[in-house]
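Structure first, commentary second.
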Amino acid sequence: MDKIFLSQLSVECIVGIWDWERRVKQTVIIDVELAADIRKAAATDHIDDTIDYKRVAKRLLSFVGESQFQLVETLTEAIAKVIVTEFGVSWVKVRLNKRGAIRGARDVGIEIERRAEDYVGVAVTQQTQP
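This is the structure:
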């Protein structure tokens with residue numbers, strides 16, 4: 001399986017259960033890996049034959065930046081769902097880091113893997129090029 005990855009995408013968002021967390025944006029760091037068969041793109045050398053990771057990054061910046069989840073678990077699941085359903089990938093791994101959330105620990109977060117079949121019944125829309 002070929003993978004396209006995006007590492008350490010930094011986004012400010014509202015996430016948390018405490019009152020102060022609902023008022024102050026915090027930085028989350030996102031890493032994603034997407035299953036992708038890149039053979040056609042490698043042969044044609046054309047962006048339309050692969051997953052445009054710039055479009056994925058822009059979508060995540062927008063989605064996460066506007067989100068207001070209480071739990072990082074919910075935010076991480078929502079990110080996976082966006083990637084699978086909007087970009088038509090068969091598998092995704094999402095790692096979300098809420099750096100500094102626990103005193104004495106540099107990192108705390110969630111890592112999940114999801115497949116397209118996890119979202120059966122959810123409308124799958126392949127985004128088109130602008």
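Quick note: the sequence shown uses the UniProt record's numbering, first residue 1, plus one each step.
Note that beta-carbon positions come from the ideal geometry of N, C-alpha and C, so glycine has one too.
Could you tell me how far apart the beta carbons of residue 96 and residue 57 are, in whole angstroms, since I believe they sit closer than 8 Å?
-> Actually they are not in contact, since the Cβ atoms of residue 96 and residue 57 sit about 15 Å apart, beyond 8 Å.
Could you check the C-alpha separation between residue 66 and residue 54 for me, to the nearest Å?
-> Rounded to whole angstroms, residue 66 to residue 54 spans 18 Å at the Cα level.
Quick one: what's residue 93 bridged to in DSSP?
-> Beta-bridge annotation (DSSP): residue 93 is paired with 33 and 113.
Under the three-state DSSP convention, the category residue 10 falls into | Note: residue 10 maps to strand in three-state DSSP.
Taking Cβ positions, are residue 84 and residue 59 nearer each other than 9 Å?
-> Taking 9 Å as the cut-off, the Cβ atoms of residue 84 and residue 59 do not count as close.
Sufficient close CB pairs (3 or more, under 8 Å) joining the region 90-107 to the region 26-33 | Enough Cβ pairs lie closer than 8 Å, so yes.
Taking Cβ to Cβ, would you say residue 13 is nearer than 9 Å to residue 75?
-> At a Cβ-Cβ threshold of 9 Å, residue 13 and residue 75 count as neighbours.
Please name the residue in 73, 29, 111 and 22 whose C-alpha comes closest to that of residue 98.
-> The residue from 73, 29, 111 and 22 with its alpha-carbon nearest to that of residue 98 is 29.
Could you pull out every residue in the same chain whose Cβ sits closer than 7 Å to the Cβ of residue 68, ignoring the five residues on either side in sequence?
-> Here residue 68 has 14 as same chain residues with Cβ atoms under 7 Å from its own Cβ, once five neighbours each way along the sequence are excluded.
Tell me, which residues are paired with residue 24 by DSSP?
-> Per DSSP, none; premise fails for residue 24.
Span of the alpha helix (DSSP H) around residue 58 | Its alpha helix (DSSP H) spans residues 53-66.
Once you ignore the five residues that flank residue 5 on each side, which residues in its own chain have a CB closer than 6 Å to its CB?
-> So the list reads 33, once near-sequence residues are dropped.
For residue 147, which residues does DSSP report across the bridge?
-> The structure shown does not extend to residue 147, since the chain is modelled only from 1 through 130, so no value can be given for it.
Taking the alpha helix (DSSP H) that residue 79 falls in, what are its first and last residues?
-> Residue 79: member of the alpha helix (DSSP H) spanning 72-87, first to last residue.
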